[in-house]
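Undergrad: Numbering (the numbering used here), first residue to last: 1 to 232. Virtual Cβ for every residue (Gly too), placed ideally from N, Cα, C. First the structure, then my questions, so here it is.
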């Protein structure tokens with residue numbers, strides 16, 4: 001048995017966990033939850049996470065400890081390994097600030113921008129006010145990241161769980177129809193993080209290939225599939 005079992009799907013939050021596990025070199029097994037089969041809502045999975053969301057880890061080296069919520073998982077893995085998190089108290093709090101920024105702002109805003117354009121709109125529910133509001137706010141938040149990266153390669157100076165948490169969501173700008181062509185520090189950081197071998201491996205979990213490198217036609221088709229599968 002591996003050290004950890006990861007329950008996941010190919011989403012931004014799911015990739016946080018798989019990238020972190022790959023970066024840390026932890027031996028883990030993968031359970032792919034297929035949303036089209038509603039596997040995240042089965043009684044078996046709801047025992048692990050009553051919220052019915054991925055990712056979830058089970059740490060077999062810690063008495064089968066179960067943990068949900070991607071941010072909590074990253075912090076747990078950092079503490080478990082003693083890696084990818086600052087040891088200096090002041091820097092730890094700064095890193096926590098950026099992790100909370102991702103969890104409370106970047107993820108939710110980009111998620112809503114994607115929802116209204118990639119799930120609601122293909123269903124015939126077009127809310128121009130919501131789309132403009134979430135796309136504009138997503139662009140502003142990505143601009144905050146861009147400014148933070150102006151004089152440093154990573155969000156906390158050194159590569160950390162903060163970059164792992166933020167990268168999959170910032171990388172989704174195209175799905176959210178956010179123009180980042182003027183955010184040169186952000187796009188350089190995205191390329192820098194994506195070039196890491198562990199990140200590439202993590203992005204292939206659990207589908208076997210990255211899922212954001214679509215052509216425009218493929219992206220439209222993927223949005224249609226997502227809209228058909230979506231269950232609030």
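Assign residue 166 to one of three DSSP states: helix, strand, or coil.
TA: Looking at residue 166 - three-state DSSP - the assignment turns out to be helix.
Undergrad: Going by C-alpha distance, which of 167, 183, 174 is nearest residue 150?
TA: Closest by alpha carbon: 183.
Undergrad: What are the residues that DSSP puts in a beta bridge with residue 4?
TA: Answer is 28, 59.
Undergrad: For residue 7, count neighbouring Cβ atoms within 10 angstroms of its own Cβ and tell me buried if that reaches 16, exposed if not.
TA: Result: buried.
Undergrad: Going along the chain, which unbroken runs of the beta strand (DSSP E) with 3 or more residues stay wholly within the stretch 81–147?
TA: Complete beta strand (DSSP E) runs here, min 3: none at all.
Undergrad: Reducing DSSP to helix, strand and coil, say where residue 238 ends up.
TA: What the structure shows of the chain is the stretch from 1 to 232, and residue 238 is not part of that stretch, so it cannot be assessed.
Undergrad: Beta-carbon within less than 7 Å of residue 172's beta-carbon, same chain only, minus the 5 sequence neighbours each way: which residues are those?
TA: If we look at residue 172 and ignore the five residues flanking it on each side, its Cβ neighbours are 12, 110, 114, 212.
Undergrad: Going by beta carbon distance, what residues of the same chain come within less than 7 Å of residue 205, once the five residues before and after it are set aside?
TA: If we look at residue 205 and ignore the five residues flanking it on each side, its Cβ neighbours are 8, 18, 30.
Undergrad: Identify every residue that forms a DSSP beta bridge with residue 67.
TA: Answer by DSSP bridge pairing, in chain order: 57.
Undergrad: Going by the beta-carbon positions, is the gap between residue 162 and residue 99 smaller than 9 Å?
TA: Contact: yes.
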